[in-house]
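In our numbering, the protein residues as written are 8 to 243.
Backbone N, C-alpha and C define an ideal beta-carbon position, used for all residues, glycine too.
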Ligand SMILES: [Ca+2]
């Protein structure tokens, strides 16, 4: 019985690993804001990032080119040598990915605040910010995170992660997925944007598939049998 229990446990683990294998990395173009390459030397260099559209004040920024004004961050930036910035604007990209029912989408972004901006001089710093997944068709907000959910220490980047389970019926099904990055004012920085789709929902509230139910039922029965046998031995 002990061998049966271990075998069922291993089977259950293998089945649960199947959902992780179903992950699909969605292409976020220029996800690290390294294009166009701004290079060096200083003074600071900024440009509108390739493959993103910017509404208001924002762009990509060569961090290394700005060191003459102080060290912007207390540690290396998350990826490459350039990051996006927003001074009250929004950066957005419509992905080549259709919103499908019963899928789980995750958005991971590094969000940071510079330490060389004086909050006394620039009142309102650090600003409010948000990152989110939207429907490109009608602009419906699917999920977002902002300063009320994650505290970003000044001088550092923080990994921000959100997920969204698509319902089986919604007006935006079939629309393209869109990423938006926003700051209410001077200045929020963004880097290393990643979007992943999972073919199976990882929501714990989702009813398990019949095959999973059978495994867990067998596993429960096996564990119950072990308990009964042990009790009988104690009685004997
Ligand atoms: Ca970068």
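| Asked | Found |
| --- | --- |
| Regarding residue 87 and ligand 1, is the C-beta to nearest heavy atom distance less than 7 Å? | yes |
| Under 8 Å: do the region 155-166 and the region 120-138 share three or more Cβ pairs, one atom per stretch? | yes |
| Does the beta carbon of residue 90 fall short of 7 Å from some heavy atom of ligand 1? | yes |
| What would DSSP say about residue 28, mapped onto helix, strand or coil? | In this prediction, residue 28 has a pLDDT of 49, which is less than 50 and means its spatial position is unreliable; what the coordinates show is noted afterwards. Correct three-state label for residue 28: helix. |
| Would you mind reading off the limits of the beta strand (DSSP E) that contains residue 142? | 136-142 |
| Would you kindly check if the distance between the Cβ of residue 196 and the Cβ of residue 38 is under 8 Å? | no |
| Checking 8 Å against the spacing of the C-beta atoms, do residue 112 and residue 167 come in under that value? | no |
| Just grab the DSSP bridge partners of residue 68 for me. | 53, 90 |
| Can you check whether the CB of residue 138 is closer than 8 Å to the CB of residue 152? | yes |
| Does the beta-carbon of residue 58, which I'm using as the reference point, lie nearer than 7 Å to any heavy atom of ligand 1? | no |
| Just the C-alpha distance for residue 154 and residue 104, rounded to the nearest angstrom, thanks. | 27 Å |
| Tell me, which residues are paired with residue 119 by DSSP? | 164, 196 |
| Have a look at residue 179 and residue 141 and give me their C-alpha separation to the nearest angstrom. | 9 Å |
| Got a sec? Which residues, its chain only, sit under 6 Å from residue 30 by beta carbon, not counting five neighbours each side? | 203, 205 |
| Does the Cβ of residue 65 have 16 or more other Cβ atoms within 10 Å, making it buried, or fewer, making it exposed? | buried |
| Hey, residue 35 and residue 102: beta-carbon distance below 8 Å or not? | yes |
| Could you check the C-alpha separation between residue 171 and residue 186 for me, to the nearest Å? | 13 Å |
| Regarding residue 198 and ligand 1, is the C-beta to nearest heavy atom distance less than 7 Å? | yes |
| Assuming residue 183 is part of the beta strand (DSSP E), what are its boundary residues? | 183-190 |
| Note down the Cα distance separating residue 116 from residue 53, rounded to an integer number of angstroms. | 20 Å |
| Given that a residue counts as buried once 16 or more other Cβ atoms are within 10 Å of its Cβ, and exposed if not, what is residue 143? | buried |
| Where does the unbroken beta strand (DSSP E) through residue 150 begin, and where does it stop? | 148-153 |
| Report the residue from 46, 183, 156, 135 whose alpha carbon sits nearest the alpha carbon of residue 33. | 183 |
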